[in-house]
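S.K.: Using my numbering, read the sequence shown as starting at 188 and increasing by one per residue. C-beta atoms are modelled at their ideal positions from N, C-alpha and C, and glycine is treated no differently. Values in this document were obtained by computation on a predicted structure and should not be read as measured data. One structure follows; several queries about it will come next.
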Amino acid sequence: MPIYPLSGTQVRLEKLMRVLVLCALFLGSWRVARWGWTNFTLSDVCLVVAGAILLIQGRANGRPFGELSSIWYFGFAAMLGGLLVGTMLNGDPQRWFIASSQYLFAYVFLPIILMSLDRQLLMRGMLLFVYGVALSQVIGIVTAQFFDYTATFYTLDHGFITPNGRIGAMTGEPNWNGAMCAFALAMLAYLHLRGQIRVLIAIACAICICAGLVVSASFTAIASAAGGLMIMILASGGGRAIKIGLAFVLVITSYVVLGGPLPEAFGARVSGALVTGDLSQAGTFDGRTLLIYEAWDMLDKTLFIGLGVDGYREASSYGVPVHNLYLIIGNEGGLIALFGLVCMIMVALTYSINFYRKDRLDGAVCLTMLGIFIAYSLAIPHMYTRIWVIPLFLCLAMSRQSWMQQPQYIPRGQ
188 MPIYPLSGTQ
198 VRLEKLMRVL
208 VLCALFLGSW
218 RVARWGWTNF
228 TLSDVCLVVA
238 GAILLIQGRA
248 NGRPFGELSS
258 IWYFGFAAML
268 GGLLVGTMLN
278 GDPQRWFIAS
288 SQYLFAYVFL
298 PIILMSLDRQ
308 LLMRGMLLFV
318 YGVALSQVIG
328 IVTAQFFDYT
338 ATFYTLDHGF
348 ITPNGRIGAM
358 TGEPNWNGAM
368 CAFALAMLAY
378 LHLRGQIRVL
388 IAIACAICIC
398 AGLVVSASFT
408 AIASAAGGLM
418 IMILASGGGR
428 AIKIGLAFVL
438 VITSYVVLGG
448 PLPEAFGARV
458 SGALVTGDLS
468 QAGTFDGRTL
478 LIYEAWDMLD
488 KTLFIGLGVD
498 GYREASSYGV
508 PVHNLYLIIG
518 NEGGLIALFG
528 LVCMIMVALT
538 YSINFYRKDR
548 LDGAVCLTML
558 GIFIAYSLAI
568 PHMYTRIWVI
578 PLFLCLAMSR
588 QSWMQQPQYI
598 PRGQ
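Encoded structure:
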């Protein structure tokens, strides 16, 4: 635990900061809990206040990635700089300001906050993130039993329940909801292997999260969840990890063999691709492939001067952004912006590998979070919404504290 200052005010501020961080992580996947239709959520509010307290106390870690922080900041500046040049020449500067502030919050402010916290707090935050995702699925599934998309379209969010029956739950979008389930499942496996969650509670959470995966009807989510668990099993090793993987496979296989009911949207968007291996049957795969082909062809003209933030949407013959983070950054920010993004990815990868050398299980969960993030970066345009990076930075920060200081948690049963 941190050593509290003698001042009563400082003690109260410390306690408030810790409560706010835990609330922010519990609500980390709840994008529906936001101010109007903006991208500023209740979780963000908690993070801003907690970050302000850390700054007041002089405890904010300005070098969140240690010796690699300068490379991280260089990559971030290159990405935003490339987008700025393209926007000033081809786009609307106001759009760059909005996007850059979102990226600044997600990729600079957030890691500074999380890397300033102790391991005990971060471990509790990981537990609460998993609980938040599990509860979100329960809320979404129960709500869908009584309401359809017309009742939730404007009151909760456009994607809370979609016209074809997919459920976005508290993320407000089915594909995003599936991503949170994939992140949470890997975290849940880690927490169980660390002895931080009781078996019955872990099983209950796993059931809720797996149900959320099914009702989100996202092939990318199913593939990411399976791939994430596979990375956890292979990277962490040990009999317990293998048993967890076998248990998931056994449950899912038994459900399918016994003819368990599946949502119509899942059958239309996911089942065909899983059974036949034909990705053209996976949701909107064909449409997204056309966008990728178009974006790849456009790179020849945008390598040096990009189209600017949101410029791809206007230049595309389809009128929508390409669902690939690297192609959207490359087309809108040019080669400099793309190089900056790759630098940031490499910093996270190097950091994760270093953790793996020091603690196999910590490194495994970091590599898993990064793997899921990269998988979605190939299927999502701009990724400045905090739900994409909270799981990654949370695990990186927690693992960093495991070798920066003595462990700040006590496994159950000890």
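Evaluate contact between the region 571-584 and the region 284-298, counting only Cβ atoms and requiring at least three cross-stretch pairs below 8 Å.
M.R.: In short, these stretches touch, since the Cβ pair count reaches three.
S.K.: What's the C-alpha gap between Y336 and W217?
M.R.: Roughly 18 Å separates the two Cα atoms.
S.K.: Reducing DSSP to helix, strand and coil, say where I388 ends up.
M.R.: Looking at I388 - three-state DSSP - the assignment turns out to be helix.
S.K.: By DSSP, does I354 sit in helix, in strand, or in coil?
M.R.: Here I354 sits in strand by DSSP.
S.K.: Could you tell me if W575 is buried or exposed, where buried requires 16 or more neighbouring beta carbons within 10 angstroms of its beta carbon?
M.R.: The residue in question, W575, is buried, as its Cβ has 16 or more Cβ neighbours within 10 Å.
S.K.: Looking at C-alpha atoms only, which residue of Q383, E519, R381, I354 is the closest neighbour of I396?
M.R.: Ranking Q383, E519, R381, I354 by Cα distance to I396 puts I354 first.
S.K.: Leaving out five residues before and five after L214 in sequence, what residues of the same chain have Cβ atoms less than 8 Å from its Cβ?
M.R.: Only A220, T228, L229, S230, C233, G319 meet the Cβ criterion.
S.K.: For R587, which of helix, strand or coil comes out of DSSP?
M.R.: In this structure, R587 counts as helix in the three-state DSSP scheme.
S.K.: Is it buried or exposed, M275, if we count other Cβ atoms within 10 angstroms and call 16 or more buried?
M.R.: When all chains shown are included, M275 counts as exposed.
S.K.: Where do the ends of the alpha helix (DSSP H) carrying E254 lie?
M.R.: Per DSSP, E254 belongs to no alpha helix (DSSP H) and is neither H nor E.
S.K.: What do you get for Y260, buried or exposed, if any count of 16 or more other CB atoms within 10 angstroms of its CB means buried?
M.R.: With 16 or more other Cβ atoms within 10 Å, it is buried.
S.K.: Within a Cβ cutoff of 7 Å, which residues of the same chain sit near L400, ignoring the five residues on either side of it in sequence?
M.R.: Result list for L400: G365, C368, A408, I409, A412, in chain order.
S.K.: Given this structure, state the Cα-to-Cα distance separating K488 from G558, to the nearest angstrom.
M.R.: About 30 Å.
S.K.: Can you give, in chain order, each stretch of the beta strand (DSSP E) that sits fully within the region 506-556 and has at least 3 residues?
M.R.: If we require 3 residues or more, the region 506-556 turns out to have no beta strand (DSSP E) run fully inside it.
S.K.: Please identify the residue among Y505, F263, L554, I388 whose C-alpha is closest to the C-alpha of N541.
M.R.: The option with the nearest alpha carbon to N541 is L554.
S.K.: What residue does the alpha helix (DSSP H) around F617 start on, and which one ends it?
M.R.: Nothing can be reported for residue 617, as the shown portion of the chain is limited to 188 through 601.
S.K.: Let me know if G223 comes out buried or exposed under the rule of 16 or more other beta-carbons within 10 Å of its beta-carbon.
M.R.: Per the 10 Å Cβ criterion, exposed.
S.K.: Could you tell me whether the region 377-387 touches the region 325-334, using the rule of 3 or more Cβ pairs below 8 Å?
M.R.: The answer is no - the region 325-334 does not touch the region 377-387, with fewer than three Cβ pairs under 8 Å.
S.K.: I think P578 touches F316, with their Cβ atoms under 8 Å apart; what is that distance to the nearest whole Å?
M.R.: That belief holds up - the Cβ atoms of P578 and F316 are roughly 7 Å apart, short of 8 Å.
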